[in-house]
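Asks: Have a look at this one.
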Amino acid sequence: MNQKTIVLSLDGLGAGFLGPYGNTWIETPAWNRLASQSVLFENAFAHSADVSSFQNACWSNDKDGSSPNLWQRVAAELETVLVSDALNFQDHVPTGVDVTRQVDYPDEMRLADSIESSRFAAYFARLLESIEERSGNYFLWAQCDLLTTCWDAPLEFRQQWSDEGDAIPPDCVVPPSIKFADLDPDEQHAYACAYAGQITVLDYCLEAFLDTLPNDVTLLVMGNRGFPLGEHGVIGFDSAVPLTNLSHVPLLLRLADHPLRGQRAPGFWHPAALDEFLTPWCEAHAMDQVIKKWLLRPATENWAMTTASAATAIRTEYWLMLQRAGGDVSLFVKPDDRWDANDVADRCPQVVQAFHAFHHQILADSNSATPTRPIVPDLLARSFE
Numbered sequence: 000m001n002q003k004t005i006v007l008s009l010d011g012l013g014a015g016f017l018g019p020y021g022n023t024w025i026e027t028p029a030w031n032r033l034a035s036q037s038v039l040f041e042n043a044f045a046h047s048a049d050v051s052s053f054q055n056a057c058w059s060n061d062k063d064g065s066s067p068n069l070w071q072r073v074a075a076e077l078e079t080v081l082v083s084d085a086l087n088f089q090d091h092v093p094t095g096v097d098v099t100r101q102v103d104y105p106d107e108m109r110l111a112d113s114i115e116s117s118r119f120a121a122y123f124a125r126l127l128e129s130i131e132e133r134s135g136n137y138f139l140w141a142q143c144d145l146l147t148t149c150w151d152a153p154l155e156f157r158q159q160w161s162d163e164g165d166a167i168p169p170d171c172v173v174p175p176s177i178k179f180a181d182l183d184p185d186e187q188h189a190y191a192c193a194y195a196g197q198i199t200v201l202d203y204c205l206e207a208f209l210d211t212l213p214n215d216v217t218l219l220v221m222g223n224r225g226f227p228l229g230e231h232g233v234i235g236f237d238s239a240v241p242l243t244n245l246s247h248v249p250l251l252l253r254l255a256d257h258p259l260r261g262q263r264a265p266g267f268w269h270p271a272a273l274d275e276f277l278t279p280w281c282e283a284h285a286m287d288q289v290i291k292k293w294l295l296r297p298a299t300e301n302w303a304m305t306t307a308s309a310a311t312a313i314r315t316e317y318w319l320m321l322q323r324a325g326g327d328v329s330l331f332v333k334p335d336d337r338w339d340a341n342d343v344a345d346r347c348p349q350v351v352q353a354f355h356a357f358h359h360q361i362l363a364d365s366n367s368a369t370p371t372r373p374i375v376p377d378l379l380a381r382s383f384e
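In this text, residue positions in the sequence shown follow numbering that gives the first Met the number 0: the first is 0, and each later residue adds one.
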């Protein structure tokens with residue numbers, strides 16, 4: 000069995016800016032192409048607003064380190080490679096990684112003159128080098144932080160999403176971190192255009208990457224967390240709460256010539272729970288069974304929880320509850336209220352109460368000696384009436 004697997008993990012990539020997830024504002028042909036070749040997970044949610052917590056959850060399956068981590072288990076079968084553009088990431092390489100590759104950028108952060116001179120282009124060039132260096136089977140994890148560290152898309156890529164009369168997209172290179180007292184919709188849209196420029200450059204680079212990637216390579220692409228763009232008064236991560244703009248992330252499993260490609264999986268997923276799939280995927284020979292087990296996740300497990308420093312969000316098929324550290328609760332009807340605009344907590348006290356009980360159960364079960372995944376209570380599994 001030819002086993003070559005790549006996980007491309009993109010920090011700051013929310014699902015809402017991609018065509019396969021319903022975006023009609025900006026064009027993302029490479030993502031559309033990838034979706035046509037993949038199983039697309041419609042309801043993947045970030046584990047945490049903290050990217051280091053996300054990685055720890057992906058790579059370790061227990062709390063005390065007594066069990067082998069993902070890398071150690073996979074290393075028994077395959078060469079393991081970690082590619083990252085994070086500064087000083089080699090100071091914290093997990094046990095079990097055979098090879099590390101740093102993606103380096105120029106010290107000066109400035110707007111690129113073209114796609115070819117952008118940092119995304121440099122990242123994918125280094126990633127392709129790391130792939131070409133492999134002579135046998137491998138498991139390669141590629142971590143890219145550019146959407147949260149450097150916005151260098153040429154100005155024309157930002158301006159193309161701005162209409163005449165709109166506020167001019169900023170020429171910032173450092174991703175903004177702004178908390179608004181009173182949000183100006185025009186200013187918020189201008190920053191969204193700047194982010195859209197980054198997505199456009201990423202799309203071009205992803206297209207070139209897909210053109211080069213052999214069909215015998217399994218590719219899993221996911222977001223670590225989205226990037227808040229002022230929808231709730233915050234741009235960036237400072238003071239952001241884990242609502243949909245931060246928590247809903249893309250997750251696509253490319254299966255080039257597989258009959259299951261093009262399917263959509265409706266079940267709920269934390270990308271950080273991929274350990275339960277990646278280990279058997281890299282070890283097993285019956286790949287169809289692994290994929291179908293993943294696709295047929297029970298409906299009773301259709302919930303996800305995303306944590307942040309100041310709030311926790313729990314999402315079920317029909318509801319999203321946000322509980323802030325001070326005790327304030329917001330409740331949104333899903334899937335109708337896509338961007339969490341209409342708080343109905345005051346109108347649905349029984350649902351809020353059920354969420355509180357469910358949250359306590361989640362915490363209790365996760366802290367037990369043998370952690371389990373609780374079943375969604377009946378009230379939270381029903382639509383708003």
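All residues carry an ideal CB built from backbone N, CA and C; glycine is no exception.
Predicted model, so just to flag it, every value in this text is computed and none were measured.
1) On the DSSP letters alone, give me the boundaries of the alpha helix (DSSP H) that T243 sits inside.
2) What does DSSP give as the partner residues of L218 in its beta bridges?
3) Applying the 10 Å Cβ sphere with the 16-neighbour rule, what's the burial state of L362?
4) Do the CB positions of D90 and V102 come within less than 7 Å of each other?
5) What three-state label does DSSP hand G266 in the structure shown?
6) Could you tell me the distance, in whole angstroms, from the CA atom of W302 to the CA atom of V375?
7) On a CA-only basis, which of R224, R253, L254, P258 is nearest T243? Give me that one, please.
8) For F44, does the three-state DSSP call read helix, strand or coil?
9) Where P19 and L126 are concerned, what is the direct C-alpha to C-alpha distance, given to the nearest angstrom?
10) Under a Cβ-count criterion, where at least 16 other Cβ atoms within 10 Å of its own Cβ denotes burial, should G15 be classed as buried or exposed?
11) Check the C-beta distance from L319 over to V350 and give it rounded, since I have them as a contact under 8 Å.
12) Under a three-way DSSP split, which group does R337 fall into?
13) When every heavy atom of the ligand FAD is checked, does at least one fall within less than 6 Å of the C-beta of P28?
14) Given R118, which residues of its chain have a CB within under 7 Å of its CB, disregarding the five upstream and five downstream residues?
15) At the level of alpha carbons, what is the spacing between Q322 and V233?
16) Determine the burial state of T371: buried for a count of at least 16 other Cβ atoms within 10 Å of its Cβ, exposed for fewer.
17) Tell me which same chain residues have a C-beta within less than 6 Å of the C-beta of V6, skipping the five on either side of it?
18) Whether or not the segment 24-40 and the segment 259-278 are in contact is what I'm after, with contact meaning three or more pairs of Cβ atoms, one per stretch, closer than 8 Å; do they touch?
19) Measure the CB-CB distance between C281 and L81 and report whether it falls below 7 Å.
20) When DSSP labels each residue in this structure, what does Y190 get in the three-state scheme?
21) With DSSP run on the structure shown, which of helix, strand or coil describes L362?
22) Does the beta-carbon distance from A45 to S329 come in below 7 Å?
23) Whole angstroms is fine: what's the gap from L259's alpha carbon to T278's?
24) What's the C-alpha gap between L252 and D10?
25) Between the alpha carbons of K3 and P93, how many angstroms are there, rounded?
26) What residue range does the beta strand (DSSP E) around A124 cover?
27) Can L33 and P249 be called in contact, C-beta distance under 7 Å?
28) What residues in its chain sit with their C-beta under 7 Å from that of R381, if we drop five residues either side in the sequence?
Replies: With the given structure in hand:
1) The residue given as residue 243 occupies position 244 in the sequence shown. Where T243 is concerned, the enclosing alpha helix (DSSP H) stretches over 243-246.
2) Residue numbering aside, residue 218 sits at position 219 when the sequence shown is read from its first letter. Paired residue(s): I5, R253.
3) Position 363 of the sequence shown holds residue 362. That one is exposed.
4) Here residue 90 is taken as the residue at index 91 of the sequence shown, counted from 1. Here residue 102 is taken as the residue at index 103 of the sequence shown, counted from 1. Not a contact, by the Cβ cut-off of 7 Å.
5) Here residue 266 refers to the residue found at position 267 of the sequence shown. In the structure shown, G266 sits in a strand (DSSP, three-state: E or B).
6) In the sequence shown, residue 302 corresponds to position 303, counting from 1. In the sequence shown, residue 375 corresponds to position 376, counting from 1. Taking the straight line from one Cα to the other gives about 7 Å.
7) By one-based count along the sequence shown, residue 243 stands at place 244. Relative to T243, the option among R224, R253, L254, P258 whose CA is nearest is R224.
8) Indexing the sequence shown from 1 puts residue 44 at position 45. The answer is strand: DSSP assigns F44 an E or B state.
9) By 1-based counting over the sequence shown, the position of residue 19 is 20. By 1-based counting over the sequence shown, the position of residue 126 is 127. Between P19 and L126, the C-alpha separation is close to 24 Å.
10) In the sequence shown, residue 15 corresponds to position 16, counting from 1. The residue in question, G15, is buried, as its Cβ has 16 or more Cβ neighbours within 10 Å.
11) As a first step, residue 319 is located in the sequence shown; it is residue number 320 there, counting from the start. As a first step, residue 350 is located in the sequence shown; it is residue number 351 there, counting from the start. Rounded to the nearest angstrom, the Cβ distance from L319 to V350 is 11 Å, too far for a contact under 8 Å.
12) Walking along the sequence shown from the start, residue 337 turns up at place 338. In the structure shown, R337 falls within a coil segment according to DSSP collapsed to helix, strand and coil.
13) The ligand FAD is not part of this structure, which contains no ligands at all.
14) Counting from one through the sequence shown, the residue named residue 118 turns up at place 119. Taken in chain order, the residues that qualify are Y104, L145, C149, D151.
15) Counted from its first residue, the sequence shown places residue 322 at position 323. Counted from its first residue, the sequence shown places residue 233 at position 234. If you take the alpha carbons of Q322 and V233, they lie about 17 Å apart.
16) Looking up residue 371 in the sequence shown gives position 372. Around the beta carbon of T371, fewer than 16 other beta carbons sit within 10 angstroms, so the residue counts as exposed.
17) Taking the first residue of the sequence shown as position 1, residue 6 is located at position 7. Cβ within range, chain order: W140, L219.
18) yes
19) The count along the sequence shown starts at 1 and reaches residue 281 at position 282. The count along the sequence shown starts at 1 and reaches residue 81 at position 82. For C281 and L81, no; Cβs fall outside 7 Å.
20) In the sequence shown, counting from the first residue as 1, residue 190 sits at position 191. Helix.
21) Within the sequence shown, residue 362 is the residue found at index 363, counting from 1. In this structure, L362 counts as helix in the three-state DSSP scheme.
22) Position 46 of the sequence shown holds residue 45. Position 330 of the sequence shown holds residue 329. Cβ distance not < 7 Å, so A45 and S329 don't count as in contact.
23) In the sequence shown, the residue the question calls residue 259 occupies position 260. In the sequence shown, the residue the question calls residue 278 occupies position 279. Taking the straight line joining both Cα atoms gives about 20 Å.
24) Locating residue 252 in the sequence shown gives position 253, counting from the first residue. Locating residue 10 in the sequence shown gives position 11, counting from the first residue. When rounded, the distance between both Cα atoms is 17 Å.
25) For the purposes of this step, residue 3 is taken as the residue at position 4 of the sequence shown. For the purposes of this step, residue 93 is taken as the residue at position 94 of the sequence shown. Near 20 Å, if we compare the C-alpha coordinates of P93 and K3.
26) Indexing the sequence shown from 1 puts residue 124 at position 125. Here A124 belongs to no beta strand (DSSP E); instead the alpha helix (DSSP H) covers 118-131.
27) Residue numbering aside, residue 33 sits at position 34 when the sequence shown is read from its first letter. Residue numbering aside, residue 249 sits at position 250 when the sequence shown is read from its first letter. No; because the gap between Cβ atoms is not below 7 Å, this pair is not in contact.
28) Here residue 381 refers to the residue found at position 382 when the sequence shown is read from its first residue. Y317.
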